[in-house]
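Protein chains in written order, with the working numbering: chain A, 61 to 392; chain B, 61 to 392.
Cβ coordinates follow ideal geometry from the N, Cα and C atoms, glycine included.
Number of protein chains: 2
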Amino acid sequence: MAKSMQALLANRPTGLVEESNFKIVETELPAPGGGELLVKNYWLSLDPYMRGRMNATKSYAKYVEIGEVMTGGTVGKVVESNNPKFKAGDHVVGTLGWQTYAVTNGEGLTVVDTKIVPPSAYLGVCGMPGVTAWIGLLEYCAPKTGETVLVSAASGAVGGVVGQLAKLQGCRAVGIAGGPKKCEYAVKELGFDACVDYKAGNLIDDLKAACPNGVDAMFENVGGEVLDASFRLLNPFSRVALCGLISDYNRSEPYGIKMIRALLINRVKLQGFIVFDRQDLYPRAVASLVKAVSQGKIKYHETIAEGLQNAPKAFMGLLKGDNLGKQLVKLA
Amino acid sequence: MAKSMQALLANRPTGLVEESNFKIVETELPAPGGGELLVKNYWLSLDPYMRGRMNATKSYAKYVEIGEVMTGGTVGKVVESNNPKFKAGDHVVGTLGWQTYAVTNGEGLTVVDTKIVPPSAYLGVCGMPGVTAWIGLLEYCAPKTGETVLVSAASGAVGGVVGQLAKLQGCRAVGIAGGPKKCEYAVKELGFDACVDYKAGNLIDDLKAACPNGVDAMFENVGGEVLDASFRLLNPFSRVALCGLISDYNRSEPYGIKMIRALLINRVKLQGFIVFDRQDLYPRAVASLVKAVSQGKIKYHETIAEGLQNAPKAFMGLLKGDNLGKQLVKLA
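If you want it as structure tokens, here you go:
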């Protein structure tokens, strides 16, 4: 029997997440039964959506119960399999949660090729965040050559891909990020045309300078003051893909958006979306991203925490914006 | 030469509109030149969008200059025509502004049949407000049979048509209006299934009671607290047609919308729209509305102010919600 180290939800945060919201335990896993397999997880993905799952409020997905293993994307290797779709040694990506081993029936698990891109890429640039960027930009922002695309959290796992895809579409890519280091990374490493530091205290004027022709498509990850300021830049008939509102997740009371009028007078189409709704596009998006990454057309950066015991702290850092690019936990 | 009584924009309001923002004058109009015609206006339409035109701020249409005749929809009769498209006695609908007579080249003017529906209907239920309702509901809300449609300002010229069209589509039509009189009118006269009084002080709970299955399509005219409360009712994959934000128009600082998160978690599609962008749909919408009104399938109510000198006061009342149904000024 395998022993799995697990991070459970110990209690629900009010406002800011704290380490005490989690409990790290060691559990004996049963041997895989008929049709089941045992997976050793090598990488755990940390993503902003997990904050929502810690609250017992109605959302698009079921929240985590107290005492349950925290939900999360993983890449691992099959140790033992009684399921004909998988064999020992297969690299598998799925949602096996915050734990070092898992027994599963294989549902939602995909075998991936780790020779073209490394295993961890399937949690970031070629995984859920990359696909989120791909679908949100190409399907909902639908930018045309020469248009300006504005993306918040530009140095994050999603935003960084949005900007690079926008460049590949022949657009002006403008990012918003917190602090000069992230902005420099977006421009120098990822090839954004400009990146505005929202912490510099001059957001609206800096956005105007970075977007001399306004904004035709906006990919929103942040919400709050950043969203409100961005709305001021929208051009007539622009599109907004609403992907996340990370600045609200740790607030007990959400920020009030004042610039709704910009959506009216500019006849804006705003679409809230969740990547999991678009299973129809998922395989095409992954294939396209794997190809672009393997050809060096899309770059990425990973921030890595070592060991499951450091996952809660790394997650708290992610929500504060401490990470650059994709936040991962190396489990083995 | 005709003498026209005109209402000019005397100065720009800050916050609430006042009578002193207007100046009523009498002007001698020139005789119509080549290709021109002289129109006597019988009816002037008052609409919330006019508030925006009084501010010198960038919007979807040019604002009114100080000293200019206020813009506005009119129905009148041709007195004299040097334009082959029009002849004396024709009833014409257009945007000839707050004045009793106008000389025009006929651009944007349409001859209408006043035997099927009365002239004033072309400013309301069969005019711009009715077409706004038709396009916003059928094109952007796209409700399916059995769905719940929520519309604010339900007793107004636009909202009243939205609810009746929703009923004709086989939907549950729920309105929001200010005060028991308007709510009773929406339910008893127009056939809404329910109408919530936002002034009753229990908006969120009353909305929940009126929409037991949530809201699938929302037609927004009001903004502010009403919009924020309505967002709480949205179902997954619902649609919002953003048509107006009248509650903000008289504020110096807009209300901050807190429930943006509802658009994200429910994957809502929100579309800001202006009826004038959809010239492609306009004739079909008018024909459809004229037919439904003449068959008694769509009802309407008019609130009528007598004489141009009372237009400013009636307009101020419209912005406060004093009117029931379409607000008109009878000019002759």
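Discussion item. When you compare the CB positions of T134/B and L156/B, do they come within less than 7 Å of one another, or not?
Written reply: yes
Fill in: Cβ pair L69/A, M110/A closer than 7 Å
no
Fill in: Euclidean distance between Cα positions of A148/A and V138/A
5 Å
Worksheet item: For S312/A, does the count of other Cβ atoms within 10 angstroms reach 16, so buried, or fall short, so exposed?
Response: exposed
Worksheet entry | the region 278 to 286 of chain B in contact with the region 296 to 315 of chain B per 3-pair CB rule at 8 Å | yes
Discussion item. Between R327/A and chain B, is the shortest Cβ-Cβ distance under 7 Å, so that the two count as touching?
Written reply: At least one C-beta of chain B is nearer than 7 Å to the C-beta of R327/A.
Worksheet item: Taking just the CA atoms, how far does F291/B sit from A330/B?
Response: Here residue 330/B is Leu; the residue named in the question, Ala, does not match the sequence. Answer to the nearest angstrom: the Cα atoms are 11 Å apart.
Discussion item. Would you say K100/A lies against chain C (beta-carbon separation less than 7 Å)?
Written reply: As a matter of chain content, chain C is missing from the structure shown, whose protein chains are A and B.
Fill in: Rounded Cβ spacing between V448/B and R232/B (contact assumed at less than 8 Å)
Limits of chain B in this structure are 61 at one end and 392 at the other, which puts residue 448/B out of reach.
Worksheet item: CB-CB under 7 Å to K145/B, same chain, minus the five flanking residues each way: which ones, in chain order?
Response: G166
Discussion item. I want to see whether chain B comes within less than 7 Å of Y120/A, judged by CB atoms only; does it?
Written reply: yes
Practice prompt. Give a yes or no on contact between the region 366 to 375 of chain B and the region 342 to 353 of chain B, applying the rule of three or more CB pairs nearer than 8 Å.
Written response: no
Item to complete: Measuring alpha carbon to alpha carbon, tell me which of G223/A, F297/A and Y102/A ends up nearest G332/B.
Response: F297/A
Discussion item. Whether or not the region 177 to 190 of chain A and the region 120 to 128 of chain A are in contact is what I'm after, with contact meaning three or more pairs of Cβ atoms, one per stretch, closer than 8 Å; do they touch?
Written reply: no
Discussion item. Assuming Q66/B is part of the alpha helix (DSSP H), what are its boundary residues?
Written reply: Per DSSP, Q66/B belongs to no alpha helix (DSSP H); it is in the beta strand (DSSP E), K63 to L69.
Worksheet item: DSSP state of V191/B, grouped into three classes?
Response: helix
Discussion item. Looking at the secondary structure, which residues open and close the alpha helix (DSSP H) in which Y309/A lies?
Written reply: I306 to Y309
Worksheet entry | Interface residues of chain B facing K359/A [CB-CB closer than 9 Å] | Under the 9 Å cutoff, chain B gives no residues; its nearest Cβ is about 28 Å from K359/A.
Practice prompt. Reducing DSSP to helix, strand and coil, say where Y258/A ends up.
Written response: helix
Practice prompt. Consult DSSP for V25/A and reduce its assignment to one of helix, strand or coil.
Written response: What the structure shows of chain A is the stretch from 61 to 392, and residue 25/A is not part of that stretch, so it cannot be assessed.
Worksheet entry | Below-7 Å beta-carbon distance, G332/B vs any chain A residue | Chain A contact via Cβ: present.
Worksheet entry | 8 Å contact criterion, which G385/A and G216/A should meet: CB distance rounded | 7 Å
Worksheet item: Tell me which same chain residues have a C-beta within less than 8 Å of the C-beta of L323/B, skipping the five on either side of it?
Response: F291, L294, V300 and L330
Worksheet item: Nearest chain B C-beta to P90/A closer than 7 Å, yes or no?
Response: no
Practice prompt. Tell me, please, whether the CB atom of L305/A is closer than 7 Å to any CB atom in chain B?
Written response: yes
Worksheet item: Smallest Cα separation from V177/B: which of G316/B, L368/B, S348/B and T164/B?
Response: S348/B
Worksheet item: Of the choices I325/A, Q369/A, Q224/A and K390/A, whose alpha-carbon is the least far from that of K122/B?
Response: I325/A
Worksheet item: Between C303/A and the rest of its own chain, which residues show a CB-CB distance below 7 Å, the 5 nearest in sequence each way excluded?
Response: Here the set comprises T192, G196, V218, F279, E280, N281 and F333.
Worksheet item: What did DSSP end up calling F279/A once you bin it into helix, strand or coil?
Response: strand
Item to complete: Give the residues of chain B in contact with I264/A, contact being defined as C-beta atoms less than 8 Å apart.
Response: The premise fails here: I264/A is roughly 15 Å from chain B at the closest Cβ pair, so nothing lies under 8 Å.
Item to complete: Could you spell out the range, first to last residue, of the alpha helix (DSSP H) harbouring A345/A?
Response: Y342 to S354
Worksheet entry | Reduced DSSP secondary structure (H/G/I, E/B, other) of Y360/B | coil
Discussion item. Using only the alpha-carbon positions, how far apart do D107/A and N273/B sit?
Written reply: 32 Å
Worksheet item: Three-state secondary structure (DSSP) at P240/B?
Response: helix
Item to complete: Step through the CB atoms of chain A and report whether any lies within less than 7 Å of the CB of L302/B.
Response: Among the residues facing chain A, L302/B is included, as its CB has a counterpart in that chain under 7 Å away.
Worksheet item: Excluding the five sequence neighbours on either side, which residues of its own chain have a C-beta within less than 7 Å of the C-beta of N115/B, listed in chain order?
Response: R72 and Y123
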